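Here's the structure, in structure tokens; my notes come after.
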Amino acid sequence: MIEYMENCDGFIGSTTNYEQSTIVIAGAPMDLTVSYRPGTRRGPQSIRQASHGLEEYSVDLDRDLASYNYYDAGDVLLPFGAVQENLCRISAVTAEILEGDKTPFVLGG
Numbered sequence: 199m200i201e202y203m204e205n206c207d208g209f210i211g212s213t214t215n216y217e218q219s220t221i222v223i224a225g226a227p228m229d230l231t232v233s234y235r236p237g238t239r240r241g242p243q244s245i246r247q248a249s250h251g252l253e254e255y256s257v258d259l260d261r262d263l264a265s266y267n268y269y270d271a272g273d274v275l276l277p278f279g280a281v282q283e284n285l286c287r288i289s290a291v292t293a294e295i296l297e298g299d300k301t302p303f304v305l306g307g
């Protein structure tokens, strides 16, 4: 399974089965070039929390999230201030998802 990951509240409708998924969500909670105040590292978890207030069906697109099989792998564990290490970890996680013939969907921060 994917290394460097931390469990979290999953995105609305995400499956618990990595093997059967075609899309893998991964959070990259990193404060890097933030001006005036930190906090972008909380972005991935905030997006997940907000997702639970969404409708699963889109009238405009005539599509339902239930027709997609996506897995929420959690957040990449990123040591504070270690920019190069963090970028390497994000790259490694993304590469592993791609090697599994899955589409990565990264939530930034």
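In the numbering used here, the protein residues as written are 199 to 307.
Quick reminder that beta carbons are idealized off the backbone N, C-alpha and C, glycines included.
On a predicted model such as this, the values are computed, not experimentally measured, just so you know.
Do residue 225 and residue 281 come within 8 Å of each other at the CB atom, strictly closer than that value? Translated into positions along the sequence shown, residue 281 becomes position 83. Translated into positions along the sequence shown, residue 225 becomes position 27. No, they are not a contact pair.
Tell me, please, which residues DSSP counts as bridged to residue 261. The residue you call residue 261 lines up with position 63 of the sequence shown. Answer by DSSP bridge pairing, in chain order: 256.
Residue of 230, 270 and 295 minimising C-alpha distance to residue 277: Locating residue 277 in the sequence shown gives position 79, counting from the first residue. Comparing Cα-Cα distances from residue 277 to each of 230, 270 and 295, the minimum goes to 230.
Do you know offhand how far residue 305's Cα is from residue 227's? Taking the sequence shown and counting its residues from 1, one reaches residue 305 at position 107. Taking the sequence shown and counting its residues from 1, one reaches residue 227 at position 29. Looking at the two C-alpha atoms, the distance is approximately 8 Å.
Does the separation of the CB atoms of residue 307 and residue 238 fall below 8 Å? As a position in the sequence shown, residue 307 is number 109, starting the count at 1. As a position in the sequence shown, residue 238 is number 40, starting the count at 1. A contact, by the Cβ cut-off of 8 Å.
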